[in-house]
Amino acid sequence: MAVYTEVSDEDLSAFVAQYDLGAVLSCKGIAEGVENSNFLLVTERGPYILTLYEKRTKREDLPFFLGLMEHLAVKGVASPLPVAGRDGVALRELCGRPAVIVTFLAGMWPRRVQPMHCAQLGEALARLHLAVADFTMTRPNALSLKGWHELFAKSADRADEVAVGLRDTLRAELDALEAHWPTDLPTGVIHADLFPDNVFFRGETLSGLIDFYFACNDFLAYDVAICINAWCFEIDGSFNATKARLLLANYRKVRPLSRAELDALPWLCRGSATRFLLTRLYDWLNRPPGAFVQPKDPVEYLRKLRFHQSTRSLRDYFIDDEDGTASAADPA
Ligand SMILES: Nc1ncnc2c1ncn2[C@@H]1O[C@H](COP(=O)(O)OP(=O)(O)OP(=O)(O)O)[C@@H](O)[C@H]1O
Ligand SMILES: N[C@@H](CCO)C(=O)O
1 MAVYTEVSDE DLSAFVAQYD LGAVLSCKGI AEGVENSNFL LVTERGPYIL TLYEKRTKRE
61 DLPFFLGLME HLAVKGVASP LPVAGRDGVA LRELCGRPAV IVTFLAGMWP RRVQPMHCAQ
121 LGEALARLHL AVADFTMTRP NALSLKGWHE LFAKSADRAD EVAVGLRDTL RAELDALEAH
181 WPTDLPTGVI HADLFPDNVF FRGETLSGLI DFYFACNDFL AYDVAICINA WCFEIDGSFN
241 ATKARLLLAN YRKVRPLSRA ELDALPWLCR GSATRFLLTR LYDWLNRPPG AFVQPKDPVE
301 YLRKLRFHQS TRSLRDYFID DEDGTASAAD PA
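Sequential numbering from 1 applies to the sequence shown in UniProt numbering.
Below, the structure written as structure tokens:
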């Protein structure tokens, strides 16, 4: 559970009094997420989400994130909308943290990802990429190559506490990524953290996307790679090619991927695996004492990285046709 900052009843009432939301009926810490402190806030006007932004969400980035959510609402992408106080301001302060109330999105994230979830995700991701094409604010990706090196430097000495040989693996992988990272693919605003717990479904239908706090400008295909890693592996670590094909095929129905983007996918997947391995490793080694949070397993992403490093790479699964179309053949 991620509640790093406790909010007293008095502070909460004074905070909510700045909005036209009526009185607070209840406020409970949310038992999910690792980045920020989230509360389900119920007022006389209904349910909302109260977020207090913690260490990794920089104050100066918040206008970009909130502006993006407002832009998405205008474009009809189902996602939370920041709520402004009576003074018209959405970004406020609570308990010494930047804080925002956003609208509540109904739905549940899928606990067991099925192929049909991946199909809908592919389409929603492509629609998101099209919807942000005219969003004018920008934010560089702080968690790309340079940021990975910085995270590695902070964790290298203790990396082998998590897995023997991890330090050498990461050093070699960062060198390989430096040599192979693409330079001129189509860019735009990406979600950059579209894991199953950030995609809501009502019944079997995708109902919305949340958690835009890693959104940034980067290669659009890198977002696809992040989703392949987050959605298309099974609990036993095996890659599910059916899910990946559905994700890609439905993405490409809305936003075609160029040959260059398809060719780059294996390296984008390795980069994405390295990115989440590094942040999970850092968080694992730097767990705040007493915080009500379950850190995510770094080794899960080490396994995904090893998969992408292996000869049975993505290319073998579906990037094998001359024209870049997905292949149906599974090279068993
Ligand atoms: N707008 C919303 N509507 C409904 N539920 C929400 C909303 N925003 C957040 N939640 C709930 O809070 C949980 C945590 O939110 P969120 O994913 O934004 O937190 P986080 O700390 O940034 O987590 P993550 O580890 O995914 O980065 C979600 O899984 C969801 O249950
Ligand atoms: N989605 C991230 C955590 C939130 O940044 C992970 O699973 O490592």
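All C-beta atoms in this analysis are idealised placements derived from N, C-alpha and C, irrespective of residue type, glycine included.
Computed from a predicted model, the values in this text were never measured in an experiment.
Check: Any idea what DSSP makes of asparagine 38, helix, strand or coil?
Finding: strand
Note to self: Classify valine 224: buried if its beta carbon has 16 or more other beta carbons within 10 angstroms, exposed otherwise.
What the structure shows: buried
Check: Are the segment 12-19 and the segment 66-78 touching, with three or more C-beta to C-beta distances below 8 Å?
Finding: no
Checklist line | arginine 56 - containing alpha helix (DSSP H), residue span | finding: No alpha helix (DSSP H) contains arginine 56, which DSSP labels as neither H nor E.
Note to self: Buried or exposed for glutamine 114, going by 16 or more other Cβ atoms inside 10 Å?
What the structure shows: exposed
Checklist line | Exposed unless 16 or more other CB atoms sit within 10 angstroms - verdict on serine 8 | finding: exposed
Check: Quick one: is asparagine 229 buried, meaning 16 or more other Cβ sit within 10 Å of its Cβ, or exposed?
Finding: buried
Notebook entry, point to check: Under a Cβ-count criterion, where at least 16 other Cβ atoms within 10 Å of its own Cβ denotes burial, should alanine 329 be classed as buried or exposed?
Noted result: A caution first: alanine 329 carries a pLDDT of 36, below 50, which makes its placement in the model too unreliable to give a value.
Margin query: Taking the beta strand (DSSP E) that isoleucine 30 belongs to, which residues open and close that run?
Written below: It is not in any beta strand (DSSP E) - isoleucine 30 carries neither H nor E in the DSSP assignment.
Next item on the list: Decide if glutamate 322 is buried, meaning its Cβ has at least 16 other Cβ atoms within 10 Å, or exposed.
Entry: Low confidence applies to glutamate 322: its pLDDT is 44, below 50, so where it sits in the model is not reliable enough to give any reading.
Check: Sorry if obvious, but does the Cβ on arginine 280 come closer than 6 Å to a heavy atom of ligand 2?
Finding: yes
Note to self: Which complete beta strand (DSSP E) runs does the segment 77-117 hold, if anything under 3 residues is left out?
What the structure shows: 92-94 and 97-103
Next item on the list: May I have the straight-line CA-CA distance separating alanine 163 from glycine 188, to the nearest angstrom?
Entry: 35 Å
Notebook entry, point to check: Taking all protein chains shown into account, do 16 or more other C-beta atoms lie within 10 angstroms of the C-beta of arginine 25, making it buried, or fewer, making it exposed?
Noted result: What sits at residue 25 in the sequence shown is leucine, not arginine. By the 10 Å Cβ count, leucine 25 comes out exposed.
Check: To which residues does DSSP link valine 189 through a beta bridge?
Finding: Asn217
Notebook entry, point to check: Where does tyrosine 4 fall in DSSP's three states?
Noted result: coil
Next item on the list: Starting from the N-terminal side, write out each stretch of the alpha helix (DSSP H) that is 4 residues or longer and does not extend beyond the segment 237-268.
Entry: 241-254
Check: Using the C-alpha atoms, what's the distance from alanine 133 back to arginine 45?
Finding: 34 Å
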